[in-house]
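Numbering (the working numbering), first residue to last: 192 to 405.
Here it is in structure tokens:
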């Protein structure tokens with residue numbers, strides 16, 4: 192069973208999620224945003240401490256700059272390995288692809304991920320498991336993480352409450368995004384949807400009300 196804590200980070204209010212396995216105390220940090228320690232890594236690490244979580248992995252839903260602004264600081268503080276989809280690894284290596292150089296003034300690459308993810312992979316966090324679904328469209332390597340206990344989806348910038356991610360940035364693909372949304376829509380049953388920005392929703396509501404999922 193996973194406990195989930197949401198931390199809205201940085202000026203772009205990126206939702207960083209902290210996951211904690213209740214059986215073992217091991218956990219994950221997903222999308223560590225925040226331009227400064229004060230609005231990013233300090234808050235994230237403080238919440239990890241409150242939850243009693245020992246971070247065993249850092250996960251990215253995609254590698255746009257706003258979702259990785261605190262990545263270097265969080266990696267250094269926790270020593271945890273990074274996992275990201277292989278098709279977004281180039282964005283970590285090239286700040287112009289992640290838009291880090293354009294919008295955050297950082298021109299040095301991130302350290303490469305220790306794990307390169309593919310569709311259908313699983314992430315083990317203590318006794319809990321997340322399933323990886325490759326959902327390209329917003330970026331080539333966008334993924335969602337699916338938990339069955341409890342049932343939730345970390346949807347990154349692929350699916351929002353009432354909307355979806357933009358596909359007009361580098362590597363964006365409208366047709367691929369449509370296909371990804373169809374795969375998400377086809378998931379069995381209902382899931383809480385925890386997006387990369389804004390409030391949470393659920394898949395049943397999005398199937399009914401989100402024009403992009405009709």
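Cβ atoms here follow ideal geometry from the backbone N, Cα and C, with glycine treated the same way.
Give the secondary structure of residue i by DSSP, where H, G and I count as helix, E and B as strand, and everything else as coil.
i: residue 315; result: strand
i: residue 348; result: coil
i: residue 199; result: strand
i: residue 366; result: helix
i: residue 212; result: strand
i: residue 322; result: strand
i: residue 391; result: coil
i: residue 308; result: strand
Once the 5 residues before and after residue i are set aside, which same chain residues still bring their CB inside 7 Å of it?
i: residue 238; result: 196, 198, 209
i: residue 292; result: 286, 298
i: residue 260; result: 201, 224, 225, 226, 231, 295
i: residue 233; result: none
Quick one: using the 10 Å Cβ neighbour count with 16 as the cut-off for buried, is residue i buried or exposed?
i: residue 412; result: Since the first residue shown for the chain is 192 and the last is 405, residue 412 is missing from the structure and cannot be characterised.
i: residue 394; result: buried
i: residue 324; result: buried
i: residue 379; result: exposed
i: residue 405; result: exposed
i: residue 377; result: exposed
i: residue 310; result: exposed
Using DSSP's beta-bridge definition, name the partner residues of residue i.
i: residue 358; result: Answer is none; residue 358 lacks a bridge partner.
i: residue 218; result: 211, 246
i: residue 342; result: 339
i: residue 400; result: Residue 400 pairs with nothing; no bridge assigned.
i: residue 383; result: 343, 393
i: residue 230; result: Looking at the DSSP assignment, residue 230 forms no beta bridge with any residue, so it has no partner.
i: residue 193; result: 212
Taking 6 Å as the limit between beta carbons, can you name the residues of its chain near residue i, skipping five residues before and five after?
i: residue 336; result: 321, 345
i: residue 211; result: 194, 218, 242, 244
i: residue 343; result: 382, 383, 385
If you scan the stretch 236-301 from start to end, which runs of the beta strand (DSSP E) of 3 or more residues do you find wholly inside it? Fully enclosed beta strand (DSSP E) runs of 3 or longer: 245-250, 273-276.
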